[in-house]
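Trainee:
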Amino acid sequence: MQKESRAYKELGVQRNLGLPKESYTLKESGLQKFGKIFKTFNRGGLLLFFFFFFLALFPSLFAPYSPSERFIPYEAPSEAHLLGTNDIGNDILSELVYGTRISLMVGFASACISTVIGLSIGLLAGYFRGWTAEVLMGFTDVVLLLPKLPLIIILGAFLRPSVWILILVLGLLSWESLARIVRAKTLQLRESGYVKSAQCIGFSSFHIMCTDIIPNLVHVILPKFMLATASAMISEASLSFLGLGDPSLKSWGIMLSFAFSRGGFIRDMWWWYLPPGLCITFCVLAVALLGFGFEPKTGVAKKEVVKLQ
Amino acid sequence: MNSLLDVKKLKVGFEGAKPVNVISEVSFSIQKGENLALVGESGCGKSIIAHAILRLLAPEARIEGSILFKGRELLKLSEKEMAKLRGNELAIIFQNASHALNPVYSIGRQLAEPLRIHQKSGKTDATKKVLKALAQLGFSSPEKYLKFYPSWGSGGMNQRFLIASSTILEPELLIADEPSKGLDPARIKEVERELWVLGKEAKSSLLLISHDLGFVRRLADKIAVLYSGEIVELAKTSVFFKQPRHPYSQGLLGSLPENGFVPIPGLAPALCESPSGCRFHPRCPFQKEKCLREHPELKAREERAVRCFLWA
Amino acid sequence: MISTAVKKTFRYLSSFALIVSLNFALPRLMPGDPVKNLIGEDVYVSDLVIEELRAELGLNRPLLEQFLAYIQALLRFDLGYSYHLHSPVAEVLQERIGWTLLFVGVSVGLGAGLGVFLGAYAGWKPETKLSRGLSCGFILLSCTPPYFLALLFLGIFAFKLGLFPFKGFYDTLTLGSIASHLFLPVSVLALFSASRNFLILRGSVIQEKEELYALYARAKGLYEREILFRHVVKNASLPIITLLALDFGFLFSGALFIEIVFSLNGMGTLIYDAIIGKDYPVLQGAFLLIALAVLIANILADFLYAVVDPRVRRPA
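Structural data, given as structure tokens:
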């Protein structure tokens, strides 16, 4: 998306040179290529993500106890309980490990929903233009203006707290920015030669969208998907803090909320409130960094983080 | 030597995985009140020379040689000293005026800016001068344009705003980078008149960069023909147009509509891959075997310098 | 030009209509007895009173009639009655919104200033250690839930170090007392707002500094800092205006959480208490108010944009 630097364009010659750094590198072997792809991802982010991902997949390997097992409440960190115990005597480290799955699941599931909605709306608006586009994008703009979190709060208050409702609501309310980007990109793609020729041959619009347009949208969708995940995770943590989370599935947000409301904070039990907070932050960071890695250019990517929450 | 600008063996290259040289050993000088034109096809390095003189190239550019301006070595000045010269004694008119003007500031403000920074003029004083400059460039009611924005006007209008902004301090040397590009003939006449007036009244010198040979012929005292990053012919305008010596110069004149519109065969080489031997040999109708192997020197004789074995 | 203005107005109006209808529909659509949904749960009222209320609230009448009655009430600024707080919702909100607006306003202003200034620097010289450090810091910040940072600040600066009071807006109604109470919450929110502005501005300056007008500013004789702050920043910060408006909702929500942590008696604590007590009328009223505030912020941003960017108000 980044414009070719205009100052360089002026000096027509420099443009002919291209960026010397890139145009003069020798041909790379397969291994180097892989290394390069790897490099476009922030290595720290990648490691962090896989760390959390494994925690989520195999919590029993990492957690010393079952999260529901009870010990003496309010214990300080010791060898038996590396992060102490909470008000009802659960081992905090184990709770933390098992919470990973819930937080990541909420994030990814709601991102899936919002991606499907955003993709469909953006695609239709971009491909058909005219009135369809006006109506769809108008609707997108209108939804964009709704304050998300307050709306989620009010919905959460009316509905019984449940993780599925949370996922649904988060997913239903965070698709607008994806829809806009997909539409812009589709508008470009539909003018391209291969789409035009597919239209001439007589393929149906649906077929063209599936085979010619969507595959070319992947590099737009993937980073957005990761950012939607990150932002859903933050929202989940925030809602849990207000007591609107699902108390039967203990996510990091709920742990933090309990630490705040059940005396962990007042008693200055840092081992109770600090780890879940840090886990949220770093897990969100890992997901977001992964999203930047999917972006074609990292310089522009950083702007996207702003749309996180 | 009391040259205003003296460029000696200027070399410009760009760093990178494989460093490239784009300008090789260009030398020329401009006397006070003299107009020099740099001509050549686009992509031959004209603009790079202009930007190198003002030190406006990107940091990865490597500049060697010497650029003396009123006896001062520009390449050795600090950025701060350079800033004091720019816009004040040494000004440039960019091509693509619509992008060179800041879209969010009014014309009045942008034109007054050189006055404010170099002369610390007050607002009313500056406004008066801006109005005068606008009137000179043929704007009938200049007050209207004080609160005008670049995006509201046409490219030609912006070109004239830009000229006004660059010449408002009557610089001793004005570099005009394709000032006639994209203008209709009537506007070119106006620009030409303004540049001419500036030379006559303010005793400014002009370094004119253009591929519009007609425009150059009317304004310049001397012409330097640039090909693939080096000067191939340097001569007085009258002499040059009477009888160009270098095959490339001949080709350039031959491609003018009044001379039969005969294009030079082939394409100009990219700056990063100049041919061996004489750089013009692949397109030269008088190509000899020697031209493929040896690189000719710029040889001065009879009021002109030519880089060609035929001339030697 | 005119058609975009019409389009915009139409979109704002539809947004407004959507917000109002949502507010009307939610208590009636949600599972459970609409009377309960309208007056709030956990309030003890006898069955007789419930039936009386049902009649009074008009829940037996057709929906359209109910909607008209609802609109009429809105026009009278009647947002219902809170049985928890024993007072009309409009009054409760009126009491609280002032403080929250003060809190959010100050933070947004500070955050914008800080974010623009640091972001401009980081975009101008992205390779320096300071810029890299700032970018990392702000990225990390934008990945933190606001209330967690508020908790950390409260824990470190108020509990551990005892530098600041840890609850309320003031002890005595003096400027000094308010300032010392608001210092921590404002810092947290300002940092959040700054992190978003910072990242936008950084990217935008990186792009804008390559534009020809920046090079021409240099050719005019401007020096580094002057090019950045006089020419580049103004262009680069145009997107900030829209962002600030769209962000207003986010920051407002963030403010709610920070208020809860610092026990500030603004909208946040009101909403928190309302969630705990299932005080639906207050929740709905608060949602309506916040949504309107966001809408107004966006309309203002559109006007501001037209004033600042000459490309938008191009004369015929």
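If you're matching them up, the sequences are chains D, V and R in order. Using my numbering, the first residue of the first sequence is number 1, and each one after it goes up by one. Using my numbering, the first residue of the second sequence is number 310, and each one after it goes up by one. Using my numbering, the first residue of the third sequence is number 622, and each one after it goes up by one. Glycine included, each C-beta is placed from N, C-alpha and C at the ideal position. None of these values were measured; they are calculated from a predicted model.
#1: Around the Cβ of R/Leu689, are there at least 16 other Cβ atoms within 10 angstroms (buried) or fewer (exposed)?
#2: Pick out whichever of V/Val321, V/Ser537, V/Glu598, V/Phe337 has its Cα sitting closest to the Cα of V/Cys641.
#3: Could you check where the beta strand (DSSP E) with V/Gly374 kicks off and where it finishes?
#4: Mind reading off the beta-carbon distance from D/Gly45 to D/Gly293? Whole number of angstroms is fine, and I expect it under 8 Å.
#5: In chain order, what residues of the same chain have a beta carbon less than 6 Å from the beta carbon of R/Gly701, not counting five sequence neighbours either side?
#6: Could you check how far apart the C-beta atoms of R/Tyr926 and R/Val915 are, in whole angstroms? I think they sit under 8 Å.
#7: How far does the alpha helix (DSSP H) with D/Ile234 in it extend, from its first residue to its last?
#8: Taking the alpha carbon of R/Leu735 as the reference point, which residue from R/Leu770, R/Ile827, R/Leu722, R/Ser808 has its own alpha carbon closest?
#9: Which residue comes first and which comes last in the alpha helix (DSSP H) that contains V/Arg395?
#10: Would you check if there are 3 or more beta carbon pairs closer than 8 Å linking the region 251-262 of chain D to the region 187-204 of chain D?
#11: If the cut-off is 8 Å on Cβ atoms, which residues from the region 634-649 of chain R count as contacting chain D, listed in chain order?
#12: Taking DSSP's pairing of strands, which residues face D/Asp91 in a bridge?
#13: Using only the alpha-carbon positions, how far apart do V/Val348 and V/Phe549 sit?
#14: Under the three-state reduction of DSSP, which class applies to V/Arg610: helix, strand or coil?
#15: Out of R/Ala838, R/Ala646, R/Leu695, R/Leu913, which one is the CA nearest neighbour of V/Ile402?
#16: Strictly below 7 Å CB to CB, what residues from chain D border R/Ile892?
#17: Shorter than 9 Å from the beta carbon of R/Gly852 to some beta carbon of chain V?
#18: Under 8 Å Cβ-Cβ, which residues of chain R neighbour V/Ala392?
#19: Please classify D/Phe282: is it buried, with 16 or more other beta-carbons within 10 angstroms of its beta-carbon, or exposed?
#20: Please confirm if D/Thr281 has its CB atom under 9 Å from at least one CB of chain R.
#21: Apply the 10 Å Cβ neighbour rule to V/Arg588 and answer buried if 16 or more other Cβ atoms are within range, or exposed otherwise.
#22: Against chain D, does R/Ala907 count as a neighbour if the rule is that its beta carbon must be under 9 Å from one of theirs?
#23: In whole angstroms, what is the alpha-carbon distance linking V/Asp315 and V/Glu382?
#24: Taking its Cβ as the centre, do 16 or more other Cβ atoms sit within 10 Å of D/Ile181, making it buried, or is it exposed?
#25: What do you get for R/Gln828, buried or exposed, if any count of 16 or more other CB atoms within 10 angstroms of its CB means buried?
#26: Which residues in chain D sit within 7 Å of R/Phe878, going by Cβ to Cβ distance?
#27: Starting from V/Asn344 and walking both ways along the beta strand (DSSP E), at which residues does that stretch end?
#28: Give me whichever residues DSSP pairs with V/Arg315 in a beta bridge.
#29: Residues of chain R with a CB under 7 Å from the CB of V/Ala442: which are they?
#30: Can you pull out the residues from the region 805-838 of chain R whose beta carbon lies closer than 8 Å to at least one beta carbon of chain V?
#31: Go to D/Val143, then tell me how far its alpha helix (DSSP H) extends in each direction, as first and last residue.
#32: Hey, R/Phe785 and D/Ala237: beta-carbon distance below 9 Å or not?
#33: Using a Cβ-Cβ cut-off of 7 Å (strictly less than) and excluding sequence neighbours within five positions of R/Leu877, which residues of its own chain qualify?
#34: Which bits of chain D does R/Lys899 rub up against, with CB to CB less than 8 Å?
#35: Mind checking who V/Leu515 pairs with in its DSSP beta bridge?
#36: So, using beta-carbon positions, are V/Ile332 and V/Ile362 closer together than 9 Å?
Mentor: Here's the rundown:
#1: Locating residue 689 of chain R in the third sequence gives position 68, where the first residue counts as 1. Exposed: under 16 other Cβ atoms inside 10 Å.
#2: The structure shown does not extend to residue 641 of chain V, since chain V is modelled only from 310 through 621, so no value can be given for it.
#3: The sequence position of residue 374 of chain V within the second sequence is 65, counting from 1. Unbroken beta strand (DSSP E) run through V/Gly374: 370-378.
#4: Position 45 of the first sequence holds residue 45 of chain D. Position 293 of the first sequence holds residue 293 of chain D. Yes, they are in contact, since the Cβ atoms of D/Gly45 and D/Gly293 sit about 7 Å apart, within 8 Å.
#5: Here residue 701 of chain R refers to the residue found at position 80 of the third sequence. Within the same chain, R/Gly701 has close Cβ partners Val710, Pro902.
#6: Taking the first residue of the third sequence as 1, we reach residue 926 of chain R at position 305. Taking the first residue of the third sequence as 1, we reach residue 915 of chain R at position 294. Going by Cβ atoms, the distance from R/Tyr926 to R/Val915 rounds to 16 Å, so no, they are not a contact pair.
#7: Residue numbering aside, residue 234 of chain D sits at position 234 when the first sequence is read from its first letter. Start and end: 214-241.
#8: Start at 1 with the first residue of the third sequence, and residue 735 of chain R comes out as number 114. Minimum Cα distance to R/Leu735 is reached at R/Ser808.
#9: Along the second sequence, one-based indexing puts residue 395 of chain V at 86. Bounds of any alpha helix (DSSP H) do not take in V/Arg395, whose DSSP letter is neither H nor E.
#10: no
#11: Ser635, Ser636, Leu639, Ile640, Leu643, Leu647, Pro648
#12: The residue you call residue 91 of chain D lines up with position 91 of the first sequence. BP columns for D/Asp91 point to D/Thr85.
#13: As a working note, residue 348 of chain V is residue 39 in the second sequence. As a working note, residue 549 of chain V is residue 240 in the second sequence. The alpha-carbon atoms of V/Val348 and V/Phe549 are separated by roughly 12 Å.
#14: Reading the second sequence from its first residue, position 301 is the one you call residue 610 of chain V. Here V/Arg610 sits in strand by DSSP.
#15: The sequence position of residue 402 of chain V within the second sequence is 93, counting from 1. Out of R/Ala838, R/Ala646, R/Leu695, R/Leu913, R/Ala838 has the C-alpha closest to the C-alpha of V/Ile402.
#16: Taking the third sequence and counting its residues from 1, one reaches residue 892 of chain R at position 271. The contacting residues are Ile153.
#17: Working through the third sequence from its first residue, we reach residue 852 of chain R at position 231. Rather than Gly, the amino acid found at residue 852 of chain R in this sequence is His. A Cβ of chain V is located within less than 9 Å of the beta carbon of R/His852.
#18: Position 83 of the second sequence, counted from the start, is the residue given in the question as residue 392 of chain V. Listed by position along chain R, the residues whose Cβ is nearer than 8 Å to that of V/Ala392 are Arg839, Gly842, Leu843, Tyr844.
#19: Reading the first sequence from its first residue, position 282 is the one you call residue 282 of chain D. By the 10 Å Cβ count, D/Phe282 comes out buried.
#20: Position 281 of the first sequence, counting from 1, holds the residue named residue 281 of chain D. Closer than 9 Å: yes.
#21: Position 279 of the second sequence, counting from 1, holds the residue named residue 588 of chain V. By the neighbour-count rule (16 or more Cβ atoms within 10 Å), V/Arg588 is buried.
#22: Here residue 907 of chain R refers to the residue found at position 286 when the third sequence is read from its first residue. Yes, R/Ala907 counts as interfacial toward chain D.
#23: Residue numbering aside, residue 315 of chain V sits at position 6 when the second sequence is read from its first letter. Residue numbering aside, residue 382 of chain V sits at position 73 when the second sequence is read from its first letter. So the two alpha carbons sit approximately 9 Å from each other.
#24: Counting from one through the first sequence, the residue named residue 181 of chain D turns up at place 181. Buried, because 16 or more other Cβ atoms sit within 10 Å of the Cβ of D/Ile181.
#25: Within the third sequence, residue 828 of chain R is the residue found at index 207, counting from 1. Per the 10 Å Cβ criterion, buried.
#26: What you label residue 878 of chain R is simply residue 257 of the third sequence in a count that begins at 1. Within chain D, the residues near R/Phe878 are Ser238, Phe241.
#27: Position 35 of the second sequence, counting from 1, holds the residue named residue 344 of chain V. First-last of the beta strand (DSSP E) with V/Asn344: 344-348.
#28: The residue you call residue 315 of chain V lines up with position 6 of the second sequence. Note that residue 315 of chain V is Asp in the sequence shown, not Arg. Looking at the DSSP assignment, V/Asp315 forms a beta bridge with V/Ser338, V/Leu377.
#29: Position 133 of the second sequence holds residue 442 of chain V. Within 7 Å Cβ-Cβ: nothing; V/Ala442 doesn't reach chain R, min ~14 Å.
#30: The residues in question are Glu832, Leu833, Tyr834, Leu836, Tyr837, Ala838.
#31: Mapped onto the first sequence, residue 143 of chain D falls at position 143. Per DSSP, D/Val143 belongs to the alpha helix (DSSP H) from 130-144.
#32: One-based indexing of the third sequence puts residue 785 of chain R at position 164. One-based indexing of the first sequence puts residue 237 of chain D at position 237. The answer is no: Cβ separation not under 9 Å.
#33: Numbered from its first residue, the third sequence carries residue 877 of chain R at position 256. Result list for R/Leu877: Met888, Gly889, Ile892, in chain order.
#34: On the third sequence, residue 899 of chain R is found 278 positions in, with the first residue counted as 1. Within chain D, the residues near R/Lys899 are Ala157.
#35: In the second sequence, residue 515 of chain V corresponds to position 206, counting from 1. Answer is V/Asn344, V/Leu483, bridged to V/Leu515.
#36: Taking the first residue of the second sequence as 1, we reach residue 332 of chain V at position 23. Taking the first residue of the second sequence as 1, we reach residue 362 of chain V at position 53. No, the pair does not count as a contact, with Cβ atoms beyond the cut-off.
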